[in-house]
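In my numbering, the protein residues as written are 5 to 221.
We put the beta carbon where it would ideally sit given N, CA and C, even for glycine.
So the structure is just underneath, and the comments pick up after that.
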Ligand SMILES: Cc1cc2nc3c(=O)[nH]c(=O)nc-3n(C[C@H](O)[C@H](O)[C@H](O)COP(=O)(O)OP(=O)(O)OC[C@H]3O[C@@H](n4cnc5c(N)ncnc54)[C@H](O)[C@@H]3O)c2cc1C
């Protein structure tokens with residue numbers, strides 16, 4: 005690392021410890037920004053265990069699925085990050101669909117990294133919470149009007165049907181008040197990590213033999 009700056013120069017060697025989704029994402033972004041000497045290390049042998057919880061992977065990122073949502077009340081920073089991330093989820097899906105070298109070992113071009121089936125938040129109260137109301141205002145002010153659909157509003161129910169979310173508005177036997185964040189859905193966490201690891205390697209990120217642990221000194 006250069007002596008006078010905390011910002012790594014292009015020739016610096018960078019070691020990213022931890023190949024969960026944040027380490028993977030960091031390595032990919034560094035490589036995309038032109039850093040040729042990025043190395044990833046993890047104590048888990050992910051190339052063998054494939055980020056599978058069933059194979060003993062205990063990292064937060066190694067899971068079957070995770071919720072994706074942009075509904076964060078008035079916390080616009082999370083909303084913005086989520087909307088940006090959803091664009092990337094779609095870009096990654098398009099890359100995977102193109103097949104060829106984009107497909108990680110053991111996966112196919114038809115695998116899903118995420119599904120945009122919405123995220124329904126319900127309440128047993130008669131009115132939506134202030135958090136939900138704040139989300140609707142924040143999304144509208146960011147230009148995402150009619151992405152948060154309330155399941156007792158006839159116009160929203162019609163919109164949900166038009167957008168293909170009709171059956172997700174009231175999925176329970178009994179009617180419960182809720183709002184469907186139509187930007188959200190579910191990520192297949194293990195497959196997403198496998199895709200990201202493969203993408204990092206295609207960018208020439210070196211991956212040290214996984215299963216190596218760094219110990220604090
Ligand atoms: C139960 C649960 C449910 C969640 N649900 C959601 C959800 O629905 N939606 C959502 O958006 N977020 C959810 N999250 C949060 C999300 O999973 C995390 O924010 C994210 O996965 C964190 O990624 P990470 O890369 O920072 O950490 P991790 O995925 O934990 O990765 C850290 C990596 O570092 C490695 N490591 C640690 N120590 C060492 C060491 N000494 N040497 C070498 N390697 C090391 C670990 O093996 C691991 O691979 C959930 C989290 C949990 C725990």
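Would you mind working out which of the options sits nearest residue i, comparing C-alpha positions?
| i | options | result |
| --- | --- | --- |
| residue 130 | 65, 156 and 37 | 156 |
| residue 188 | 197, 80, 100 and 121 | 121 |
| residue 123 | 55, 170 and 22 | 170 |
| residue 70 | 138, 153 and 118 | 118 |
| residue 38 | 12, 54, 51 and 53 | 12 |
| residue 184 | 103, 207 and 140 | 140 |
| residue 207 | 29, 24, 25 and 22 | 29 |
Once the 5 residues before and after residue i are set aside, which same chain residues still bring their CB inside 7 angstroms of it?
| i | result |
| --- | --- |
| residue 19 | 43 and 45 |
| residue 53 | 59, 60 and 61 |
Suppose the cutoff is 6 angstroms on Cβ atoms and the five residues either side in sequence are ignored; what does the same chain contact list for residue i look like?
| i | result |
| --- | --- |
| residue 31 | 20, 42, 44, 204 and 209 |
| residue 164 | 153, 170 and 173 |
Excluding five sequence neighbours on each side, which residues of the same chain lie with their C-beta closer than 8 angstroms to the C-beta of residue i?
| i | result |
| --- | --- |
| residue 227 | With the chain covering 5 to 221 only, the question about residue 227 has no answer from this structure. |
| residue 116 | 97, 192 and 195 |
Examine ligand 1 and report whether any of its heavy atoms sits within less than 6 angstroms of the Cβ of residue i.
| i | result |
| --- | --- |
| residue 47 | yes |
| residue 125 | no |
| residue 65 | yes |
| residue 60 | no |
Would you list, in sequence order, the uninterrupted alpha helix (DSSP H) runs of no fewer than 4 residues that lie entirely inside the segment 76 to 156? Uninterrupted alpha helix (DSSP H) stretches at least 4 residues long and entirely within the segment 76 to 156 occur at 80 to 101 and 134 to 145, given in chain order.
Continuous beta strand (DSSP E) assignments of at least 3 residues falling wholly in the segment 26 to 75: Those beta strand (DSSP E) runs which fall completely within the segment 26 to 75 and span 3+ residues are 42 to 45 and 70 to 72.
Three-pair Cβ contact test at 8 angstroms for the segment 92 to 102 versus the segment 143 to 150: When Cβ pairs closer than 8 angstroms are counted between the two stretches, the segment 92 to 102 is seen not to touch the segment 143 to 150, the count staying below three.
Is it true that the segment 191 to 200 meets the segment 64 to 71, where meeting means three or more beta-carbon pairs spaced less than 8 angstroms apart? Output reads yes: the segment 64 to 71 touches the segment 191 to 200.
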